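In full-length UniProt numbering, the protein residues as written are 1 to 341.
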């Protein structure tokens, strides 16, 4: 490449300082675009040339307004925001959904599935915080003793729907980022299950309404069978359950006493601390992979049982229990508030 004279370099520098676009400088001076960039770098010309790239459609103020409306929920989605802007300013160039997403990414905002959570009152937060304080010192070795249990509803025809929300750059879940749900019975199939470090326990389909009598029957059958399958004794384990009334009933409490089962004190409204929730989510995700819905509830239950036994491996159970110290720490740092789990 022929060397560029000092005079041409000065001409290029002068044009750069005036904000002349690179292509126009190249036409006027005969210097290539690559050489112009090199000259700018060598001569430390810091002025951004006007028109060197496409101007931003959104000003800083526009970005702040749109993101504020997305964060507060006034705009339900990025696509909705783009449509609203076009409708509000029909005679102006407005950003596409992709432009808004790009600006959000540049500012480190992240969209996630809006989690369903139980509403946390101050007293519930305090109880969760005290629980996290009490068990913050537990290691994975301690949590290996725990048998986690729960009930869940499984839909034959798919999920109850997904909701998305915009998370602030600090990554914390706030009230606007969650959907409140309330526990209730019913559904396509209600199932009870448990798991421990050794692997998944037996699951059972709940026939009719779950009450204290049925719960004790499940403990006598599926829970005890799970321990027997893995060669565990009741004094080897600590049993975890939530604070559902049937779990805390006089009859269930007496059953635990009569059978010598230690029960882990558990804070109310804390499914995020129970790793079995991830097993339920994985089970439901796997069931959605079938090409067609089950033709009958009998076939559906067969799918549920097969998927549970095939996909909930010992390694998967171990990874979930290994997450317990992190869950407790997250709850502690949130002072009993919502966690990412």
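C-beta atoms are modelled at their ideal positions from N, C-alpha and C, and glycine is treated no differently.
Since the model is a prediction, treat every value here as computed from it, not as a measurement.
Based on Cα-Cα distance, which residue from 278, 15, 213, 236 lies nearest to residue 142?
-> 236
Note to self: Please report the straight-line C-alpha distance between residue 395 and residue 19, rounded to a whole angstrom.
What the structure shows: In this structure the chain extends from 1 to 341, so residue 395 is not present and cannot be described.
#### Entry: Per-residue DSSP class, three states only, for residue 281
Residue state, collapsed to three classes: helix.
**Message:** Taking its Cβ as the centre, do 16 or more other Cβ atoms sit within 10 Å of residue 61, making it buried, or is it exposed?
**Reply:** exposed
- Message: Judging by CA-CA distance, which residue of 327, 284, 5, 332 is the nearest neighbour of residue 311?
- Response: Nearest Cα to residue 311 within the set 327, 284, 5, 332: 284.
Taking all protein chains shown into account, do 16 or more other C-beta atoms lie within 10 angstroms of the C-beta of residue 14, making it buried, or fewer, making it exposed?
exposed
Chain-order list of residues whose beta-carbon lies under 6 angstroms from that of residue 131 (same chain, five-residue window excluded)
Cβ within range, chain order: 267.
- Task: Any chance you could list the beta strand (DSSP E) runs of at least 3 consecutive residues sitting entirely within the stretch 55-138, in chain order?
- Result: Within the stretch 55-138, the complete beta strand (DSSP E) runs of at least 3 residues fall at 110-113.
Enumerate in chain order the residues of its own chain whose CB-to-CB distance from residue 303 is below 8 angstroms, with the five nearest sequence positions on each side excluded.
287, 290, 294
- request: Please list, in chain order, all residues of the same chain as residue 427 whose beta carbon is under 6 angstroms from its beta carbon, the five residues on each side excluded.
  value: Since the first and last residues shown for the chain are 1 and 341, residue 427 lies out of range.
- Task: Measure the alpha-carbon distance for residue 332 versus residue 259 and round it to whole angstroms.
- Result: 33 angstroms
Review point. What's the C-alpha gap between residue 341 and residue 26?
Key: If I take the Cα positions, the gap works out to 56 angstroms.
Who are the near neighbours of residue 199 in its chain, counting only those whose CB is closer than 8 angstroms to its CB and skipping five residues on each side?
230, 312, 313, 314, 317
Under the rule that 16 or more other beta-carbon atoms within 10 Å means buried, what is residue 292, buried or exposed? A residue is called buried once 16 or more other Cβ atoms fall within 10 Å of its Cβ, and residue 292, having fewer, is exposed.
Euclidean distance between Cα positions of residue 305 and residue 88 | 53 angstroms
Counting only beta-carbon atoms, is residue 21 nearer than 8 angstroms to chain D? Of the chains in the structure shown, none is chain D; there is only one protein chain.
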